[in-house]
Structures are given as structure tokens and as C-alpha cells.
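Just below is one structure, and these are the notes that go with it.
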Amino acid sequence: MFDFTIETHSVLIYADQAFSRKCREQYPLRAKTADGYLRYAKTHIVGVIDSSATEQNVEEILGIRPDVMLYQSLDHYLQRNPSHIPDIFMIGIAPSGGEMSGELKNVIKLAISHGMHIMSGMHYELNQDSELKELACKHQVTMWDVRVPPEGLAVASCKAYVMKKPIILTCAADAAIGKMTVGFEIERLLSQKGIKGELLATGQTAIMIKGKGISIDRVIGDFMPGAVEQLVLEADPDNRFLVIEGQGGIFHPGYAPVSLALLHGGMPSHAILIQRPQRRHSIGSKLIKLPAPQVMITKYKEMALPIRIPEFIGIAVNSNGMPEQEAKEIMKQYTDETGLPVEDMIRFPTGEIARAVEKIVLENTL
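Residue numbering for the sequence shown follows my numbering, beginning at 742 and increasing consecutively.
Following this line, the structure appears as C-alpha cells:
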């Protein structure tokens, strides 16, 4: 199979009607796959497609990657770069309802006809589309449906308990808060200190970046904890710690089962709470008011299996969009209320959370 993670591969990201600042005002989460890939992928990203964008490059929107230009369409990219066909065409959005529009299908067909391999995190399986499959075979193109889980998953049975090294879960009250980002930051910062660890990818974006993992939201319910258990048991034994990438949140009416699967299957020894102060209600229902951090910590501990209750070692705040002074005041409030280190690892990095992880790794008493 074509290896989508080789660093020399060039990648063009499709995020139409999702990436621009204008679109983010109405749909702030629609481009999160593109955003995560741009932050952490090691491949050579050549551009982002968004017909709504008036900005010239990614830096104008995310504050990073001034080298990555924006294009109005795939045709626009090809016209501007006729001799530089990307190796990979990545779908950096998840269409509403999981279905694929006829317009997007035509864009994928154009990419395939130019020999680009397709990387998709959509629920819609490209390899089950006979027209796309036939075209991909004709042009010797691989289509990677990232969300499709492996076969042969087992029911969990607490085997992760035997892992005598820190297993850290990034968790939250709600979905789409920054659990993956915190996991990648911990992996990166500890690596700089020579401490080998690994983020276990449980969602499509992290799987695209790392080239491995299991998208838990596509696993049949009974086997979700088992899939997480498998990720833990099959991780590189040389890792000194593991970070389970959190999904959903226990106060989200639709995604709470996935969150519990990570908690029960992964049996984390430690946890980091991710909090977005501006988020007052679950994005799953405005009927559900999100609680304070200390309440969340208590709830997660109560829901853990009794043989291993995770110790919380920090709170990572996602303060994007908040005034700086307000964000710093709320972080101080969280510290006062919980006694834990609190940090916005992207806006106001202090290294406190990474130091908390380093401490438990060096003192490993499991």
C-alpha cells in the first residue's frame, strides 16, 4: 500500500467552504482536520483549497505556515503549478451527515485523474464507491479511508492494566476542544528532552498524521474499549509513556460512549483535562450545561473502572478567541480551585503540563 506519511510526499488539502476566517465565524469546527494536519504532519504541504478564502496563505488564518498558499479550487492549483502535481490529495473536512456531495466527488475524480493518491477521513467510504474505485484502479491510485477500523477486534478485558508505565488520557466535558492538540504537544515536548512516548491515535486527523491508529467512532459499540486496549498493548515497548487521544466528552449526548470506551479500554493511570472556558453548553445540545473543571475531574474518576482510577495532573485550556487578560484570570481561577498546573499550550505555553508528565515518567511507580 502507498505510504501516506513519508515526509517527502507533497500534500494538497481540500477544505472548501471551511478554512477561511469568514467560514470559521459560522462553522468554527468544520476545518479542524485540516488545522490539525497543518500543525503536526511532517509531509510537505503545498496548499489548501477553499473557494471562500480571500486570504493568501495559511498564516493569515492560523498564525502558522506562511509557506502554504491558498487556492480557489483544484483547477486553480493545477493552473498555477502545472509541473508540480501533489502526491496526495487530502480531504480536510468532514461533510455534514457524513455523505459526499456530487461536487466533492467530481473534485476527487479530477485529483485521481492526475495521479494523486486520496486520503479521506469522511464516514463515506471512497473504496465502496464503484465509480471512484474503477477510476483509482485505472490510474494506479490508492484511496485511504482512514476511518475504516481493522478486522478482528476483541472485547476489552482490562489487559491494559498490565502496562506498568504512565498512560495519560486527554479528556474533556465536550467534543472538539483540543484533546488531540494537547497529546501532540506532550509527545513533542517530551521528545525534545529525550523521553520517548507516543500519542495513540483514536481519530481520523491523528491517524492521517501518524499513519496508524483506530478511529474509535467507527467501531461497533461492544468492541470500542477493546480497540483502545489493543492500541495500548501494541504500542512500541520502548515508549516510556503513552497518551491516549481523547474523543468526544462525557457531557456530549452523542459522543459520551466513545469517551467512556477510551477510559475503560485504555485504563489510564493519569489524565489531563482540556477546558474551553467560552463553551457554556455541549455542542451536542444546549440543554446540557458544562460543569466546572473540578466537577469534571470528579465525574471522570467516578466513571473509571475501580482497579485503576486516573490521577489528574493538569488542565490544558483552549482560550482561542478570548481576550488575553480574561484568559489568564480564568486559568488562575482553575489553579486556585483544583491545585493543578493550568496552561494554554498554544497561546501561552509555560511548559507546566509537559513538566508534570515528565515528573510522573521519571518517578514511575506503577
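We put the CB at the ideal spot given by N, CA and C, even for glycine.
Bridge partner(s) assigned by DSSP for residue i
i	result
residue 1016	1058
residue 1052	1011
residue 982	938
residue 970	None, per the DSSP bridge assignment.
residue 1102	Answer is none; residue 1102 lacks a bridge partner.
residue 798	810
Buried or exposed (CB count within 10 angstroms, at least 16 for buried), residue i
i	result
residue 891	exposed
residue 804	exposed
residue 825	exposed
residue 884	buried
residue 776	buried
residue 768	exposed
residue 808	exposed
residue 1048	exposed
residue 896	exposed
residue 1092	exposed
residue 1022	exposed
Own chain partners of residue i with C-beta closer than 6 Å, once the 5 adjacent residues on each side are dropped
i	result
residue 1035	1078 and 1079
residue 877	853 and 884
residue 743	858 and 883
residue 958	999
residue 756	772, 775, 789, 791, 833 and 834
residue 1076	1083
residue 780	none
Supposed contact pair residue j and residue i - C-beta distance, whole angstroms, cut 8 Å
i	j	result
residue 1050	residue 1042	5 Å
residue 790	residue 829	Between residue 829 and residue 790 the Cβ distance is about 13 Å, and since that is not below 8 Å, they are no contact.
Alpha carbon of residue i to alpha carbon of residue j, nearest angstrom
i	j	result
residue 765	residue 759	7 Å
residue 1046	residue 1052	13 Å
residue 970	residue 822	45 Å
residue 1101	residue 855	50 Å
residue 773	residue 1006	26 Å
residue 797	residue 982	40 Å
Same chain, Cβ closer than 7 Å to residue i, neighbours up to 5 away in sequence not counted
i	result
residue 1019	1062 and 1063
residue 1105	906 and 907
residue 1009	908, 909, 910, 985 and 1051
Proximal residues to residue i (C-beta, below 8 Å), its chain only, five neighbours per side dropped
i	result
residue 935	none
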